[in-house]
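> Those sequence lines, one after another, are chains A, B, C and D.
Oh and the first sequence: position 75 is 75 in UniProt numbering, straight run, nothing missing.
Oh and the second sequence: position 72 is 72 in UniProt numbering, straight run, nothing missing.
Oh and the third sequence: position 100 is 100 in UniProt numbering, straight run, nothing missing.
Oh and the fourth sequence: position 160 is 160 in UniProt numbering, straight run, nothing missing.
Provided herewith is a single structure, encoded as structure tokens, for subsequent inquiry.
4 protein chains.
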Amino acid sequence: MSQVLPEGISSDAFFACADAIVLAAKDLAALGWTPATSSNFSMRLDDAHAAITISGRDKGKLSRADIMLIDLSGNAVGTDARPSAETALHTQVYRYWPEMQVVLHTHSRTQSVASRLFATQGVIRLEGWELQKAITGFHTHESVLEIPVFPNTQHMPELVAQVDAWLDAGKPLHAYLIDGHGIYTWGRTMAETRRHLEALEFLLACELDLRRLSA
Amino acid sequence: MSQVLPEGISSDAFFACADAIVLAAKDLAALGWTPATSSNFSMRLDDAHAAITISGRDKGKLSRADIMLIDLSGNAVGTDARPSAETALHTQVYRYWPEMQVVLHTHSRTQSVASRLFATQGVIRLEGWELQKAITGFHTHESVLEIPVFPNTQHMPELVAQVDAWLDAGKPLHAYLIDGHGIYTWGRTMAETRRHLEALEFLLACELDLRRLSA
Amino acid sequence: MSQVLPEGISSDAFFACADAIVLAAKDLAALGWTPATSSNFSMRLDDAHAAITISGRDKGKLSRADIMLIDLSGNAVGTDARPSAETALHTQVYRYWPEMQVVLHTHSRTQSVASRLFATQGVIRLEGWELQKAITGFHTHESVLEIPVFPNTQHMPELVAQVDAWLDAGKPLHAYLIDGHGIYTWGRTMAETRRHLEALEFLLACELDLRRLSA
Amino acid sequence: MSQVLPEGISSDAFFACADAIVLAAKDLAALGWTPATSSNFSMRLDDAHAAITISGRDKGKLSRADIMLIDLSGNAVGTDARPSAETALHTQVYRYWPEMQVVLHTHSRTQSVASRLFATQGVIRLEGWELQKAITGFHTHESVLEIPVFPNTQHMPELVAQVDAWLDAGKPLHAYLIDGHGIYTWGRTMAETRRHLEALEFLLACELDLRRLSA
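Printed below as a string of structure tokens:
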């Protein structure tokens, strides 16, 4: 393999992360949430490193060779491969929350359409759904789950700054959408993060259905 | 296994129920009706016991170890596992109808959206569909099938009381929705209950389509 | 097997039909077009007999044992099994067109919803779609394909009479819908009939989409 | 095999193309984009030849025997098989762009419905979607991707002339729709062409969703 691991990261640890990413990517691709090589996935290895998908690969057909090592500034470590263009959004999560271990970014049709519809408002407000309880920390449908929608840009530092501004304002953040693009969410384990992603896709789809039906 | 069976319940009987639940859960999860560890399933073992899914498990990946024994008051029997939060809604069915053997609760997008749309009316009235005949006791499309929609609450006794009130009013009950949540239905065999669930999902989806198209 | 074959029908011939029906049913069930044990399928054996699905079976799980022999008046032959309730609609096709070998009746959501929407008009008029060419005898999108929608009834002779009336009026008939129910179509081979069914489902779904989008 | 290869085309080269087409067709059929034997696929072999699907085959069940050789005028080479009716639209691409190696034509419901809705305007204008970057040459969502919609005709030279007119006007062309029919797109490799097709289907579906939801 072209990936050289630094001292302190065993190949067992790296492969465990890579395998978990490959499996998640395969499942999410089968749902149609990663069209045309879009989407990217990462998993924390330690305080200073994460494994992340290499840019431009078909997410339904990943193998260990499609996963690379980065530091938490987003630089490639021990490889010439180019990490996903949106790496900075992953490392931001790992730097901000030491307990977060996984970041998943997908690009489903529901996510893309919802982001366009709610772009002007800048936020999607979810309430009254039992499935809000799937987000860690939520214990009742009588709660409000806010998902911000940030304007899209090809310049990553602007996106990072938008996320920072939301956090600096002291607002809770469990996931965000980017306009015309997809969703980012995270968690303390792969299972928790996948549960978050699955619940958010479901809730966004329900909101779009309600809007269609209540018109 | 950590599940200890009381005298009078053979492990063959328990495993037969567990396997039937695991298989149904796998099929229903593949349809996307159990997002983010939602949904729960049970099967009666005898006059005083049922097998039910343990809380919080991924319904697409259940095994025998994810099924536990309860009594018909909803208490765990022979295990420290925690049964589904909505266990009281299952045991209510088994206590009310001695002939009912299976209760299935799913949480599809169609079910969730329909429950929100019809919450104010408190009932969905189905008529004119050939598939109403899939509900035991219905022999023609020239019939009316009413599915009540109860307000959601995290306090189970309130939900149980709502179902009781409907039954006490002498109204037929084949299934019910909970607002922002999913559906409950039951039957005398697993096959009958799955047929009920499949027909109800289909009929709710048709009603939503008609509403979209008749606007 | 409980099916006894009359002289002149070999078990090879019967099994060939049964296997073709089982395979088609499995594929159509996987598409969700046969919910809750609905739908029925048949195949002609000779001038006087056809093989047809036994009533009430799960169409995704058929085996040879779920297929029975009937005569073209719809009577069971060599078996105590009960043929599908709508057998008379199958045998009508075989009696009317000697060249027709296969009848498929499914019950998809699109078919059910379209039948309700167009019930008052009594017909769905398709034109301008390239896929009309998938119906035998159509060579251009510049044609009109009319699918009648008959009122539903549990009394089969009424349905048979409605189909007869359409044919007696000299109107072409490639398929029909029954209100709140599903579609019937047929062909000279299983491949042709499945192509017809697939094309009709596609065209009905496109018409519903156009209606939703042109509102 | 009934396909005789001319000097200069090895069976290895021909089979490599045939296998790539068979695999793509199987995947696209599984998505439901090739209903009722519609759709056709080709791959360039050299400056003067391409492999293309034989007319009328079920695209989910192709084998090498369903692929034939043509020259770039669309004539069958070394076989009596009849190439797809729309062969002229494939060879036009290979003649116009020497670098293009693959042409995929599918017929999804989204493609058919979008073509009808935008037929009067004659073009679908996509902007603001991150997935526009999946089309080679696009590097930002702040771009405009125009997909022309040409009137349908059973007379291929008219369609060829419409495409020529668009190109002669100096307008960029990455794909086109035919009214009531499907989409054509192409690329320098099978992977690139499939990425184009997947992205275009996604973008058209998003546009239809937005239109439904913004009404």
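Think of the CB as a built atom: it goes at the ideal place given N, C-alpha and C, for glycine as much as any other residue.
B/A76 by DSSP, collapsed to three states: which one?
Strand at B/A76.
> If the cut-off is 7 Å on Cβ atoms, which residues from the stretch 179-212 of chain B count as contacting chain C, listed in chain order?
Listed by position, the residues of the stretch 179-212 of chain B near chain C (Cβ gap below 7 Å) are R195, E198, A199, F202, A205, C206, D209, L210 and R212.
> Under 7 Å between beta-carbons, which chain D residues line up against A/V4? List them in chain order, please.
Within chain D, no residue comes near A/V4; the closest Cβ sits about 28 Å away, beyond 7 Å.
> For the stretch 74-82 of chain C and the stretch 36-47 of chain C, state whether three or more C-beta atom pairs, one from each stretch, are separated by less than 8 Å.
With the cut-off at 8 Å, the stretch 74-82 of chain C and the stretch 36-47 of chain C do not touch.
> Just the C-alpha distance for B/Y94 and C/S63, rounded to the nearest angstrom, thanks.
Cα to Cα, the separation comes out at about 34 Å.
> Evaluate B/V4 with the Cβ neighbour count: other Cβ atoms within 10 Å of its Cβ, from every protein chain shown; 16 or more gives buried, anything less gives exposed.
B/V4 should be labelled exposed.
> Thinking C-beta only, is C/H141 closer than 8 Å to D/G180?
Contact: yes.
> Report yes or no: is there a C-beta of chain D within less than 8 Å of the C-beta of C/A24?
No - not a single Cβ of chain D is within 8 Å of the one on C/A24.
> Taking only three categories from DSSP, how would you classify D/M156?
In this structure, D/M156 counts as helix in the three-state DSSP scheme.
> Going by alpha carbons, who is nearest to D/G122 out of D/Y184, D/E198 and D/Y176?
D/G122 has its Cα closest to that of D/Y176, out of D/Y184, D/E198 and D/Y176.
> Is the number of C-beta pairs between the stretch 99-109 of chain D and the stretch 132-141 of chain D that are closer than 8 Å three or more?
With the cut-off at 8 Å, the stretch 99-109 of chain D and the stretch 132-141 of chain D do not touch.
> Name the chain A residues whose beta carbon is nearer than 9 Å to that of D/A134?
Within 9 Å Cβ-Cβ: P35, A36, T37 and S38.
> Are the C-beta of B/H141 and some C-beta of chain C separated by less than 8 Å?
Cβ-Cβ to chain C under 8 Å: yes for B/H141.
> Output, in sequence order along the chain, the residues in the stretch 96-123 of chain A whose CB is closer than 8 Å to any CB in chain D.
For the stretch 96-123 of chain A, which is checked against every Cβ of chain D, the residues closer than 8 Å are H107, R109, S112, V113, R116 and L117.
> Which residues in the same chain as B/W129 place their Cβ atom closer than 7 Å to its Cβ, once the five residues preceding and following it in sequence are excluded?
Here the set comprises H141, L203 and C206.
> Does any C-beta atom of chain B lie closer than 8 Å to the C-beta of A/L177?
Not one chain B Cβ lies under 8 Å of A/L177.
> Closer than 8 Å, Cβ to any Cβ of chain D: which residues of the stretch 154-167 of chain A, in chain order?
Cβ contacts with chain D come from Q154.
> Going by C-alpha to C-alpha distance, which of D/H174, D/A13, D/G8 and D/K59 sits closest to D/L126?
Considering only alpha carbons, the answer is D/H174.
> Kindly indicate which residue of B/N152, B/A81, B/V144 and B/A65 has the alpha-carbon position closest to the one of residue 257 of chain B.
Only positions 1 to 215 of chain B appear in the structure, and residue 257 of chain B is not among them; the question remains open.
> In terms of residues, what are the limits of the alpha helix (DSSP H) holding B/V4?
Premise fails: B/V4 is in no alpha helix (DSSP H) and is neither H nor E.
> How about D/R212 and A/R212: do their beta carbons lie closer than 8 Å?
Yes, Cβ-Cβ distance for D/R212 and A/R212 is below 8 Å.
> Closest to C/L89 by C-alpha separation, out of C/L31, C/L197, C/E158 and C/E198, would be which residue?
For the residues C/L31, C/L197, C/E158 and C/E198, the minimum Cα distance to C/L89 belongs to C/E158.
> So with CB distances below 7 Å, who are the chain C contacts of B/E146?
By Cβ distance, chain C contributes nothing, its closest Cβ being about 17 Å from B/E146, past 7 Å.
> At 4 residues or longer, and completely inside the stretch 70-117 of chain C: list those alpha helix (DSSP H) runs for me, N to C.
Correct list: 87-96 and 109-117.
> Kindly indicate the opening and closing residues of the alpha helix (DSSP H) around residue 301 of chain C.
This structure gives no information on residue 301 of chain C, because the portion of chain C shown stretches from 1 to 215.
> For a quick check, are the C-beta atoms of C/M43 and C/V102 less than 8 Å apart?
Going by C-beta atoms, C/M43 is nearer than 8 Å to C/V102.
> Mind listing which residues of the stretch 69-81 of chain C have their C-beta closer than 9 Å to chain B's C-betas, in chain order?
Taking 9 Å as the Cβ-Cβ cut-off against chain B, none of the residues of the stretch 69-81 of chain C qualify.
> Beta-carbon within less than 8 Å of C/H22's beta-carbon, same chain only, minus the 5 sequence neighbours each way: which residues are those?
Looking at the sequence itself, residue 22 of chain C is Val, so the reference to His does not match. The residues are L62, S63, R64, D66 and I67.
> Mapping the DSSP letters down to three states, classify A/S11 as helix, strand or coil.
If DSSP states are grouped into helix, strand and coil, A/S11 belongs with the helices.
> Assuming A/A50 and A/L72 make a contact with CB atoms under 8 Å, what is their CB distance in whole Å?
Yes, A/A50 and A/L72 are in contact; Cβ-Cβ is about 7 Å, under 8 Å.
> What does D/G60 reach in chain A if we use C-beta pairs closer than 8 Å?
In chain order: nothing, as chain A lies at least about 17 Å away.
> At which residues does the beta strand (DSSP E) containing C/A42 begin and terminate?
A small fix is needed here, since residue 42 of chain C is Ser in this sequence, not Ala. Counting along the chain, the beta strand (DSSP E) containing C/S42 begins and ends at N40 to R44.
> When DSSP labels each residue in this structure, what does A/W129 get in the three-state scheme?
Residue state, collapsed to three classes: coil.
> Which one of D/I54, D/T91, D/P98 and D/E99 has the shortest CA to CA distance from D/R82?
Comparing Cα-Cα distances from D/R82 to each of D/I54, D/T91, D/P98 and D/E99, the minimum goes to D/I54.
> Report, in whole angstroms, the separation of the C-beta atoms of A/A199 and B/P35, which I expect to be a contact under 8 Å.
So it is a contact: roughly 6 Å between Cβ atoms.
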